[in-house]
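Structure first, commentary second.
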Amino acid sequence: MNRTLKNPKPLIAAAVVCVLLVLGFAVYIMRSQEDDQQAADKMFASEQTVASFYASLAALDVEENERAEKLLTDAVKRETREPALWANLAVAQMRLNEPDKSAESLRRALDQASDSRELALLNSQILEYSGRIEQAINQLQKLHREWPENVAVTFSLASLLGQIQDDAAEAERISLLKDILDRVPNNLRVLSEQARVAASLGRDAELRQAIDALDRNSAAWPDAIKQYLTKADEEARDGNHRQAALSLTFLQNLLKPRPEYQQSLAQLGILTVGAIGTPLRSPLRLTMPSAETADADHQLTFEETYPLGKAARPDHVLAMEHSGERRSTLISLSDNLLHIDALAALPFPGLSTTANPASVCVADVNSDFHQDLICVGEKGCRIFLGTQDGSFSLVNDPSEDLNRSASSVWPVDIDADGDIDLLLSDDETALRGVRNNGDMTFTSIETGIEAHSVANLASVDFDGDGDVDVVTLDDSGALIAWQNERGGKYVATELPDDQRRIALAIGDIDRSGRMDLITISESGHLRSAHWEVDHWTESPIATWLPTDSFTTAVTGDLYLSTADLDNNGGVDVVASTTSKNAVWLQTTDGAWTLLDQSPSIRPTSIVDFNEDGRLDLVGLSESGVTVALNQSQAGYGWTTLKPLANTGAGDKRINSFGIGGRIEVRAGNLVQANEIDSPRVHFGLGNHRRADVARIIWPNGTVQAEFDLTSGETLVANQRLKGSCPWVFTFDGQDFRFVKDFIWRSPLGLRINAQTTAGVTQTEDWIKIPGDQLAEVDGRYLVRITAELWETHFFDHVSMIAVDHPIDVEVFVDERFVPQSMPDQKVTSLAPPKPLSNIVDDAGDSMDETLRSNDGVYADGFALGEFQGVAKDHWIEFDLPSEASPDQTVMIVGHGWIYPTDSSLNAALDQGNAARPYPLILEQQHPDGHWSLVQENLGFPAGKNKDVLLPIPSRSLTVSRRFRLRTNMEVYWDSLRWSYVVESVEPRLTTLKTSRTTLRYRGYSRLLPEHRRRPDTPVYEVTSTGQRWLDLDGYYTRYGDIGDLLESVDDRYAIVNAGDELVFEFDAIGRPPSGWQRDFVLVGDGWVKDGDLNTAFSQTVLPLPSHDKTEYRGPLVPLIEDAVYQQHIKDWLNYHTRYITHDHFHQHLWQQNAGVGTNEAQP
């Protein structure tokens, strides 16, 4: 039955409502799914992933690339969706020379974040490093279009286009350089490059614009540099564009050391020496907790305690920290007595009422790893040596050096010889130095610091060049920073002197890695100053106006110090007068907040007195000696590190606790630096529980990194050589393998083993390469020479000699170094060496099997001495068989190596009563049992894996057959055998044609596991590519073909830096005749200069060495005045155009603050 609805609207409305409900539900479902997807996209990193990401980033920053690869390989297995993990794995793999793995890891990253600019930049860097320049350019061109404001990207593109060398590429470069100058006007690097390219292209408008801009920036340039700009200007006006380009190239090269040029590089994100690839410093997808400084603990309070009771009322107190588990000892001064805690009392050389806080200091003076007490007064200086049980004994030194009146004393290793010296002030006359001779005798020395009436002093490496500088504050309030030029020379640097300063402290206030000077002026202005290349820059911190007036304050009366009191990761400042103190806490954004409630004490020390991880204040109050215990409830993380020199025998390179060194710590993105001024170095870690990495720069300039640090960790200095000469690798048919080191006899400015400075006439070096270590490959022999230590190498000549000889004859080169004696550079033919008999060492142990052959088993049973390189007197005794005839030229054939001293150790050995090293001596036992000298001054092996030929006088063979080789140097024999010269055979020597001579950047080899009595043996595998040392500043040879420089000995040399590699290919010749075999001799001529703090002119490549000068004594003059430069000036146009400075070494852990750009020191 059909029914007609009278009014359908209600049904329609109901239907509409139903549809809307369905649609609404659908939208709700869709939005819920979108929210779920967004929640899924916003991934929170697990605690393990966070730890791995930052630990691997720290490893990449300090070039521990194998560690980084392992951490990241594990991390991507746990978390596959984070592109930054894959990208950083690609960086680690590329640095380890694993290009296929690196490409795959980068592909995985790009698959997940194809639109990431950071990944695109990394891709271009890896393409460039692998030699795919056009692909790298295409990548950078696309990136520049998307990211035009990034001047580092723009300059990277402009630099790569320079390798194309066609007009279109050069025109594009001009346009790109103009784009950069629109964003960073007056950038000196870009201006000079724009001018040079414009001149090359003959583009007058751009050339005129660039020259005019350079002229506007030239006011501070010396005339010797300005002349090239003037010359270029004149040549441009005359239309001589080619000559103008040449003058501009000279100009640019000479500008490179200028501070403004180095600052222009920083604007472009350029490092002079940097690692391959820029790792991503934050995840692209994962959400991680904040890794910066935590908020300041505004509720911080202190609880005052009185560990010595309230009865004592001393005039001064300080806390003595220890390296072990002992808590800090309280040293208090009353009347004429020093009290050790509440127990022992020691005589003070004066009265406490005339003393000041600097009248007493602590340091380990006798290098026994126990803190000693040093105090000064009207009666002179007294030193009390600490012991294991906490007692002290007085050093009895009647010399006048320690008995002159003084008011203040500071411990500083002023001569960088590995022990603590003293600087003393009497408040009136010049600061004087007392040198520690290492045997508990002391000598007054000239410090080179011409400061008078010094009231406060700090020792700190403020310019970051690896040596300890000094800052003095005199009683007039004048602050002077003395820059250490080494060799006992200090240069005063100017600080603003608009106000009298009354207190001084040191600290990394802005967490930049630079040590700042913190001062308070008489008007109450608290300021920090940091060194900027060649000048000081000051910044305000706060203004303090206590009830006391500073205008009448005596310099040194006010206490000022820095420490992270709340452990938030920011350095705080503590200041105190006699009646009031203040604490400024650093907040998250680097601002400062004054703590509302400060303890009512006058602090003199900041230590973790109760060892709970929070720093406490030690000082005096109305109740006597007071320790204000830190009661922070913020719960922030912390770590205390304990630097320690190697405690074993045969070291003494650095003082016991590394005083004068520096520790840099990273936890996540939080990075801090502290000077080592006590046995314990404290770091607040903010929201982190542990430090990812600590990089230690020891006071002798060596560097090491430690990972996964727990608090209280002891950091023991590794003992590895920082200088040893270049390393030679040869291809043996399967791989490149280390043979021996090279150019060992010609160190510049280095005293060899404390005996003498090597005569620089010994510049030629011959080393034997056995035939089985050099295989022919496609008609060529392949040789690599690497520079991997803290050295600069000057190679003037390298060639290869093929030595053919009968199979039953062996050939040798005597590879000894004999001071003050010219080496006998020749090939000697010997009968196959035979074993000696009845071989024993100085302990009477048989060495017959040990010294039978070259097998890597060494005679190493002798006792080590105090210093590296100097052992106890030791020897090897042996019998020559009866078949060794007086009618023959009999030779002892040795093979071994030497563990050498260095310049700083030699400086220490020259003081006091330490045993001086002496070279090999040959002695003979007579039939009645006594020993007599046969030959002395026989030298020692010139490095690692060296052959030594020692002739036995014929007359000695008629006396007896028992001999011994004796020395106190660390000479390690692998074999000792005998032979005789085969006079009837003349080997055939053929100098091979050099078909390839290339300089390139390589990086650093893996070293076999460290063993104190084995040579550091490198394996030809790259483990790191970044700057490892505080490189010597100066011009080095650019990469590429350098054959012209090494053809002959003529002072036209290649200047080679650490990380560089010389690549040689020598044409093979026909095989030797039947019954003959072939060995090789590598011939080189040149010099080696290391960066040791006591090596002459060790901060710089200059002065340039010359065969015309037999001594390396300077003078140190600017490059353009150097005689070698003037003689071969065109080499600094065509070859020596790579300027390197030590400054960028410190940027590794602070890279998140730096740009990401090109690297001018790599190919």
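Residues 6 to 1168 (our numbering) make up the sequence shown, in order.
Just so it is clear, CB atoms sit at the ideal spot from N, CA and C, and this is done for glycine as well.
Asked, Found
"I need the straight-line Cα distance from THR434 to THR448, nearest angstrom please.", "18 angstroms"
"Rounded to the nearest angstrom, how far is the Cβ of LEU313 from that of LEU335, given a contact under 8 angstroms?", "6 angstroms"
"Beta-carbon separation of PHE800 and LEU1067 under 8 angstroms?", "yes"
"Can you find the residues in the same chain that come closer than 8 angstroms, C-beta to C-beta, to GLU308, ignoring five residues on each side of it along the sequence?", "ALA633, LEU634, GLN636"
"I think ILE281 touches MET99, with their Cβ atoms under 8 angstroms apart; what is that distance to the nearest whole Å?", "5 angstroms"
"Check the DSSP bridge columns for GLN930 and list the partner residues they point to.", "TRP936"
"According to DSSP, is ARG83 helix, strand or coil?", "helix"
"Could you work out which residue in ASP187, ASP952, GLN257 is closest to TRP771 when comparing CA atoms only?", "ASP952"
"Does the Cβ-Cβ distance between ARG667 and ILE702 come in under 8 angstroms?", "yes"
"Pull up the CB-CB distance for LEU590 and ILE606, whole angstroms please, since I reckon it's below 8 angstroms.", "About 18 angstroms separates the two Cβ atoms, so there is no contact after all."
"Looking at the structure shown, is ASP66 part of a helix, part of a strand, or coil, going by DSSP?", "helix"
"Between which two residues does the beta strand (DSSP E) holding GLU711 run?", "708-714"
"How would you call VAL623, buried or exposed, if buried means at least 16 neighbouring beta carbons within 10 angstroms?", "buried"
"Any chance the segment 395-403 sits against the segment 419-433, with 3 or more Cβ pairs inside 8 angstroms?", "no"
"Could you check which residue in TRP549, THR548, ALA547, ALA510 has the C-alpha nearest to that of HIS535?", "ALA510"
"Does the segment 90-110 come into contact with the segment 144-156, if we say contact requires no fewer than three beta-carbon pairs (one atom in each stretch) closer than 8 angstroms?", "no"
"Pick from ASP1072, ILE275, GLN638: whose alpha carbon is nearest that of PHE160?", "ILE275"
"What residues match up with GLU455 in a beta bridge as DSSP calls it?", "Partner(s): none; GLU455 has no beta bridge."
"Given a threshold of 16 other Cβ atoms within 10 Å of its Cβ, counted over all protein chains shown, does GLN825 qualify as buried or as exposed?", "exposed"
"Between VAL673 and HIS687, is the Cβ-Cβ spacing less than 8 angstroms?", "Per the sequence presented here, residue 673 reads as Gly, with Val not at that position. No, these two residues do not count as a Cβ contact at 8 angstroms."
"If we count Cβ pairs, one from each stretch, closer than 8 angstroms, do we get three or more for the segment 810-821 versus the segment 1066-1085?", "yes"
"Give the list of continuous alpha helix (DSSP H) stretches no shorter than 4 residues that lie fully inside the segment 208-251.", "209-221, 228-242"
"Do LEU429 and CYS386 have their CB atoms nearer than 8 angstroms?", "yes"
"Could you spell out where the beta strand (DSSP E) holding LEU343 opens and where it closes?", "342-345"
"Within this structure, are the beta carbons of ASN191 and THR1028 separated by less than 8 angstroms?", "no"
"Just how far apart, CA to CA, sit TYR985 and LEU835?", "6 angstroms"
"Candidates THR645, GLY663, TRP643: which alpha carbon is nearest ASN651's?", "GLY663"
"Give the DSSP-derived three-state secondary structure of ASP1021 in the structure shown.", "coil"
"Hey, quick one: how far does the alpha helix (DSSP H) through VAL195 stretch, first residue to last?", "193-206"
"Return yes when the Cβ of ALA92 is within less than 8 angstroms of the Cβ of LEU65, no when it is not.", "no"
"In this structure, what does DSSP give as the bridge partners for CYS380?", "VAL365, ARG387"
"Would you call HIS246 buried or exposed, if buried means 16 or more other Cβ atoms sit within 10 Å of its Cβ?", "buried"
"Between GLU669 and VAL55, what straight-line distance do the alpha-carbon atoms span, to the nearest angstrom?", "21 angstroms"
"How big is the Cα-Cα spacing for ARG286 and ALA947?", "45 angstroms"
"Rounded C-beta distance between THR592 and ASP302? I'm assuming under 8 angstroms.", "That belief does not hold up - the Cβ atoms of THR592 and ASP302 are roughly 10 angstroms apart, past 8 angstroms."
"Does TYR1144 come out as helix, strand or coil in the three-state DSSP assignment?", "strand"
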